[in-house]
Structure formats: structure tokens, C-alpha cells
Amino acid sequence: MSIQEKLEAAILRALSSLRESGTLPAQAEIPTSLTLERPKNRDHGDYATSIALALAKSAGIPPREIATALQGQLLADGEIAQDLAGVDIAGPGFLNLTLAKASQGGTIEAILKSGSEFGKSSTLSGVKVNLEFVSANPTGPLHLGHTRWAAVGDALGRVLSAAGADVTREFYVNDRGVQMDLFGESIRSSALGMPRPEAGYHGLYIDELAKIIVESHPEFTKLPESESIHAFRDAGYALQLADQQRVLDAMNTHFDIWFSEKSLYENNFFHHCLETLKKQGHVFEHEGAIWLRTTDFGDDKDRVMIKSDGSFAYFASDSAYYISKRERGFDVLIYMLGADHHGYVNRLKALASCAGDDPKKNIDILIGQLVKILENGEELKLSKRAGTIITLEELIEKVGVDAARYTLIRYPVDTPMVMDVDVLRSRTNENPVYYVQYAHARICGVLRNAADLGIAFGADHIHPELLENERERELIGSLGEFPRIVASAAELREPHRIARYVEELAGVYHRFYADCRVLPLGDEAPTSLHSARATLCKSTAQVIANSLALLGVSAPEKM
RNA sequence: GUCCCAGUAGCUCAGUGGAUAGAGCGACCGCCUCCUAAGCGGUAGGCCACGGGUUCAACUCCCGUCUGGGACACCA
């Protein structure tokens with residue numbers, strides 16, 4: 192149990208004993224859990240709680256009076272009193288807690304003991320999560336519109352796993368339907384030197400695909416039109432999907448399952464889904480088409496699953512895919528969609544309700560705003576190579592995987608963002624990924640030197656009582672926050688919190704480094720303080736590395 | 001017309017109901033004879049779009065207005 196959790200438990204304990212003793216009346220609304228705040232102002236201690244303010248009304252007692260009683264309880268609590276150097280009442284009734292030095296050492300010890308496991312929790316343990324992201328059509332290269340999810344989705348998967356969830360990352364492959372046929376037709380047209388279909392695909396990559404396919408299968412061009420289109424379609428699809436997989440792999444983004452849309456219609460699965468939905472009573476027939484009455488659950492119109500001509504509407508796939516995920520045992524289905532799909536939110540939630548589920552619990556839809564990319568101050572839209580828009584691969588070539596991933600992840604997804612290629616290539620404070628990586632490399636350098644000088648550091652050399660500098664206190668405080676940051680990032684599905692946190696941590700470290708000499712100067716003899724500071728450095732490097740690992744960004748030992 | 005998102009320092013943006021609203025860039029002034037200056041410190045810069053409401057407490061929650069961006073097919 193971390194020191195923070197210990198304190199939280201102690202406060203709850205204090206509150207209930209105050210109620211038992213009659214200091215707090217029975218009608219006081221004592222919460223069952225509470226989270227301590229980290230005050231921004233150093234004068235307000237290491238942790239603070241406003242619980243006295245919150246209780247004042249229901250208890251009918253002035254907040255400062257409650258705070259005073261609480262203060263007395265905490266100081267008399269044998270299990271916690273020795274961890275506290277101070278319990279102060281401030282302002283209207285805040286309770287400010289200052290940790291004893293020895294308790295701060297507990298944070299360092301926990302980090303060194305847990306290593307790469309530090310920060311993990313069990314807040315989501317037992318929850319089976321299906322995380323679906325990217326899900327690009329396999330009819331072209333991955334482009335800028337997919338990059339944000341490729342990075343954020345992957346990071347979210349890592350964060351959820353760190354919080355104990357059982358996560359399956361899934362890529363939905365739209366391998367059937369009109370678009371696929373157009374794709375095949377476009378490749379075939381290129382192979383035969385014919386004009387492309389009007390609504391078809393026009394990128395140069397189509398010509399490349401055509402060339403590759405014709406080389407290995409010249410006979411495709413001689414097949415009857417329909418068969419030929421299908422042959423080109425299937426071959427092109429296989430090549431394009433493999434290409435997407437290669438690029439995602441290079442992006443350090445990995446999937447557990449590549450789910451085929453086509454498979455939803457094999458082995459009578461769709462029919463089974465329809466029967467399942469019918470049992471819930473929201474399926475109906477109208478003018479020869481089969482509908483789902485999503486308006487029963489707040490959708491603005493009902494949705495067609497099977498059109499009157501017997502063909503499947505897109506919503507048929509959505510429905511069957513949803514049923515498939517639930518039948519495969521997932522409790523929480525996370526969908527990561529682009530802003531252009533926000534109209535899907537209501538119908539997907541209504542679909543969950545139509546299937547008898549609770550949309551608040553079983554489905555979670557994240558909408559990502561657009562990404563723009565700037566180079567030399569101009570927006571990049573056209574890509575010579577793809578003939579359409581800039582590809583994910585080109586972005587990686589320009590700025591590298593670490594910078595691309597980090598930048599894409601560090602903003603909340605519901606705000607539009609601009610990536611400036613020139614900034615991402617710069618090696619200054621302006622470029623947060625370097626700022627953070629540099630802090631890690633810097634620590635590694637110090638620790639190499641420490642080892643050369645024969646200075647001992649590690650779990651046996653924490654010496655918390657020697658770490659008296661304000662910068663040291665600040666650094667230890669930041670390190671201790673990591674587990675709660677991971678837990679909240681997972682709960683809120685906001686991996687950008689990890690990035691913001693590690694930037695803050697790197698800043699705190701750089702300030703510590705500027706003020707506190709870690710290694711002996713000149714001929715100075717090594718002391719316990721040198722060991723203690725080197726140990727603090729080591730634990731900081733560990734937390735930075737753990738943070739970057741959650742983002743899928745490397746933590747270099749040298750730069 | 002309906003719906004979604006945004007509006008915070010000159011610029012790009014953080015900020016899960018708490019105390020004096022933050023960071024980077026840009027501007028100005030400083031810090032390397034010794035651990036990575038890809039770093040650190042300081043100064044200047046804010047009616048948190050506007051108006052109501054809820055609350056002990058609102059940048060944060062609710063309603064409305066204005067401005068900007070996007071979405072609204074028996075399309076995939």
C-alpha cells in the first residue's frame with residue numbers, strides 16, 4: 192500500500208471514529224472513499240484534503256471545527272502518526288499533510304523493488320476489454336487520418352493493461368462490400384491500361400499494385416470481367432493489408448486480432464446474430480427490409496440491416512460485429528472513431544441497448560478530432576507517392592517513430608491538433624519527446640559515472656533523512672504520483688495524461704539536477720548523500736522509462 | 001434546421017469542483033574551469049468568449065448567447 196493510500200485510509204478511519212464518539216452527528220455524509228489532492232503550493236504540504244469543507248453542511252458544523260477534530264484523530268492514530276511531520280489546518284478548512292522524511296523513502300523503495308512493474312495496478316482487473324482502433328479499409332495505404340489512433344489506441348491498450356485489464360486489440364478489416372469491388376476494378380483498369388472508374392481509387396499505389404499482381408498472375412487480365420475484378424481485388428487486398436501491417440509494426444503498434452468483416456457472414460453467423468437480436472424484441476420488417484428499432488433507445492432514426500433487395504446494409508455488419516465481440520466474452524467494447532463518424536455514437540449505443548446491454552457499462556466510444564501536419568509553415572496535404580494524402584509511413588520517415596507517437600499521444604483526442612514537422616525534428620525544449628528522453632539519458636549518464644567512481648546506490652542506499660533539499664522533496668513527490676496517474680489515465684481512457692505527467696517529472700528532475708550535485712566534486716570523498724542522490728536518480732530513471740513504455744516510446748540511455 | 005467538438009498569455013496548447021490558473025515557443029535579462037547547456041533561473045504577458053444558474057467553493061457542472069470547425073444517406 193502506498194503512503195497515499197495509507198493516509199486516505201487513515202482519514203476515513205478518523206472520520207468514522209469521530210462519528211462513533213459523537214463529534215460528528217449521524218447525519219454527516221461521510222464518503223466511503225476519498226482521494227487526497229496534491230497541492231500546487233509547497234506551503235500546503237505534500238497532500239491535502241477538503242473533506243472538512245465537504246462535510247460541513249451535512250454535519251451542521253463549521254469546516255474548521257471538523258478539520259481540527261480530524262487533525263487530533265490523525266495525530267493520535269498510532270498507525271499513521273509517525274508518517275506525518277505535520278497536519279495543518281488552512282484557509283476555510285483544508286487539512287494539509289506533510290510527510291515525514293522516512294515515509295518519503297518508502298516511495299523510492301517501492302519503485303526500486305517493483306522496477307518495470309511500478310505504476311501497475313489492479314483497478315481494472317478482471318475486466319475484459321475489446322479495444323478496436325485504426326480499422327482502415329484495406330484499399331490503400333494508412334494515412335494521416337489513421338495515425339492518431341495508431342499511436343493513441345496502442346498507448347491506451349498499454350495503459351489499460353497496466354491498470355490490470357485483460358485487453359484485446361482488434362483491427363476490423365472491411366474486406367467486403369462495394370468499396371472492395373471498386374478497389375479491384377481500379378487495379379484491373381490500371382493493369383489493362385483502361386481509365387479508372389469514376390468513383391474508384393486513383394492513387395499511384397494502384398498502379399504499383401497492378402504491376403506486382405500482373406507480374407505474378409498475368410492470367411488475371413484474361414479472365415472474364417467479373418472474375419478478373421475479383422481476382423485483382425483479392426490479390427490487391429492481400430498486398431495492401433500486408434502493407435498496413437508492416438507499417439503499423441514499424442510504428443510499434445500491435446494488434447491481437449485482425450477481424451474480417453466477411454467472416455461475419457460465414458457459417459450462418461449473421462443469421463444467428465439476427466435471431467439473438469430478435470429475442471430482445473427490437474427487430475421489425477417494413478417495406479420488405481429488416482430494421483432495428485434503435486429509436487427505442489434515443490437514436491434519431493431506425494436502422495436498416497437487410498435492404499429490401501436482400502443485400503446487407505452496413506449496419507448489418509455493425510450489429511453482427513457487436514454481437515460477436517460480446518459473445519467472445521468482452522465486458523467493455525471500446526471504439527475509437529474519427530470525428531467524421533460521430534454520428535455513429537448514438538446508433539452504436541442504441542445497438543448495445545437493443546442487444547440487451549447497458550451502453551453506459553458495455554460500450555465506450557472515443558471520438559478523435561483531425562490531425563494536421565505542417566512543414567515549413569505549410570500544411571501538408573498532397574503526397575506525391577500515394578497520390579492522395581500523406582501516409583503514416585511518410586510521417587515516420589520525416590520525424591521518426593518516437594517523435595510521431597509521442598506527439599500524437601500528448602494531446603487529448605477530442606481536440607484537433609497540429610503536428611509541426613520542423614518542431615518534431617528540433618532538439619530543444621520545444622520538442623517534448625526530446626525533453627523527456629534527454630532527462631532519461633542524462634540520468635543514465637550520471638549513473639554510469641557513479642558506477643565508475645565506485646559509488647553504491649540502490650535499495651540499500653535510500654537514506655531518506657539526508658534528502659533535505661526542496662528539489663529532492665519535489666522529485667520524490669512527483670515519483671509517488673505515477674501509480675495514480677496510470678490508474679486515472681486508464682479509467683478516463685486518456686493516455687495523454689501519461690505524457691503530461693512524464694514531462695512534468697522530467698522538468699522536476701532537470702531542476703533537481705541543476706540544484707543538487709549528485710556525484711562528488713573533484714577529489715571529494717563519496718558520502719552517503721552521494722549514494723542517496725544516485726539512488727533517487729535511479730528511481731527517477733525507472734519511472735521515466737515506465738512512462739515512456741506505456742506510450743510505446745523508447746527511453747535511450749545515451750543521446 | 002438538428003447534433004458533436006472547441007473558444008484559457010502574442011502563438012501552440014495543458015488544467016479528473018478546491019487555496020495565488022500553468023507549460024513550451026516568441027520578447028527581454030542571466031547561468032557551463034567539475035555529474036549530458038538537447039539543461040536551469042528570472043522579468044514581462046490573463047474580465048479562462050459572453051450572460052445567467054447550482055455550490056461553502058466554478059476555467060471545471062447546468063441553461064442560454066456569440067464565434068470557429070465538423071457531422072447529419074435503404075453510402076460504404
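Numbered by the working numbering, the letters in the first sequence go through residues 192 to 750 in order. Beta carbons: idealized from backbone N, C-alpha and C, even for Gly.
Terminal residues of the alpha helix (DSSP H) in which residue i lies
i      : result
Tyr535 : Tyr535 to Cys545
Lys413 : Where Lys413 is concerned, there is no enclosing alpha helix (DSSP H), given that its DSSP letter is neither H nor E.
Thr726 : Ser719 to Leu742
Leu683 : Glu661 to Leu683
Ile403 : Leu395 to Ser407
Asp714 : From DSSP, Asp714 is part of no alpha helix (DSSP H); its letter is neither H nor E.
Lys552 : Pro550 to Asn553
Leu696 : His687 to Asp706
Val318 : No alpha helix (DSSP H) contains Val318, which DSSP labels as neither H nor E.
Val495 : Segment Arg494 to Ile497 is the beta strand (DSSP E) holding Val495; no alpha helix (DSSP H) there.
Leu583 : Leu583 to Val590
Residue i, DSSP secondary structure in three states
i      : result
Tyr513 : helix
Ala477 : Residue 477 is actually His in this sequence, not Ala. It is a strand residue.
Gly472 : coil
Leu644 : coil
Val325 : coil
Pro271 : First, the residue type needs correcting, since residue 271 is Ile and not Pro in the sequence shown. Three-state DSSP puts Ile271 in coil, outside helix and strand.
Thr289 : strand
His334 : strand
Glu452 : coil
Ile525 : strand
Gly520 : coil
Tyr363 : strand
Leu206 : helix
Lys197 : helix
Phe461 : helix
Ala281 : strand
Glu466 : helix
Glu570 : strand
Ile634 : helix
Ala356 : coil
C-beta contact flag for residue i and residue j at 8 Å
i      : j      : result
Arg662 : Asp706 : yes
Ala346 : Leu720 : no
Tyr490 : Arg538 : It should be pointed out that residue 490 corresponds to Asp in this sequence rather than to Tyr. In this structure, Arg538 lies closer than 8 Å to Asp490 by Cβ.
Leu658 : Leu710 : no
Lys292 : Pro655 : yes
Ala595 : Gly559 : no
Leu583 : Met442 : yes
Leu465 : Cys545 : no
Ile525 : Leu557 : yes
Arg360 : Ile420 : no
Ile403 : Leu430 : yes
Gln262 : Leu209 : no
Tyr626 : Ala697 : yes
Thr226 : Ala678 : no
Segment limits, beta strand (DSSP E) that includes residue i
i      : result
Tyr602 : Run containing Tyr602: none; DSSP gives neither H nor E here.
Phe423 : Note, Phe423: premise wrong, no beta strand (DSSP E); alpha helix (DSSP H) at Glu416 to Ala441.
Met371 : Not the beta strand (DSSP E): Met371 falls in the alpha helix (DSSP H), residues Val369 to Leu383.
Thr240 : Tyr238 to Thr240
Lys563 : Val562 to Glu566
Contact belief for residue i with residue j at Cβ below 8 Å, rounded distance in angstroms
i      : j      : result
Thr259 : Gly277 : Incorrect: roughly 15 Å between the Cβ atoms, too far for contact.
Ile689 : Val350 : 7 Å
Ala353 : Ala681 : 7 Å
Ile299 : Ser730 : 5 Å
Ile653 : Ala736 : The Cβ separation is near 19 Å, so there is no contact.
Leu373 : Pro388 : 6 Å
Val614 : Glu621 : 6 Å
Pro717 : Leu638 : At roughly 14 Å, the Cβ-Cβ gap does not stay under 8 Å, so Pro717 and Leu638 are not in contact.
Ala356 : Val318 : 5 Å
Pro230 : Asn287 : 7 Å
Thr467 : Ile514 : 6 Å
Ile581 : Ile564 : 6 Å
Ala281 : Ala250 : So it is not a contact: roughly 20 Å between Cβ atoms.
Phe521 : Asn321 : 4 Å
Residue i CB to nearest heavy atom of the ligand MN below 7 Å
i      : result
Ala681 : You won't find the ligand MN in this model; it holds no ligand whatsoever.
Handout entry: Length-filtered (4 minimum) alpha helix (DSSP H) runs lying within the stretch 223–261
Key = 242–250
Practice task
Please specify which runs of the beta strand (DSSP E), each continuous and at least 3 residues long, are wholly inside the stretch 603–631, giving them in chain order.
Solution key: 608–611
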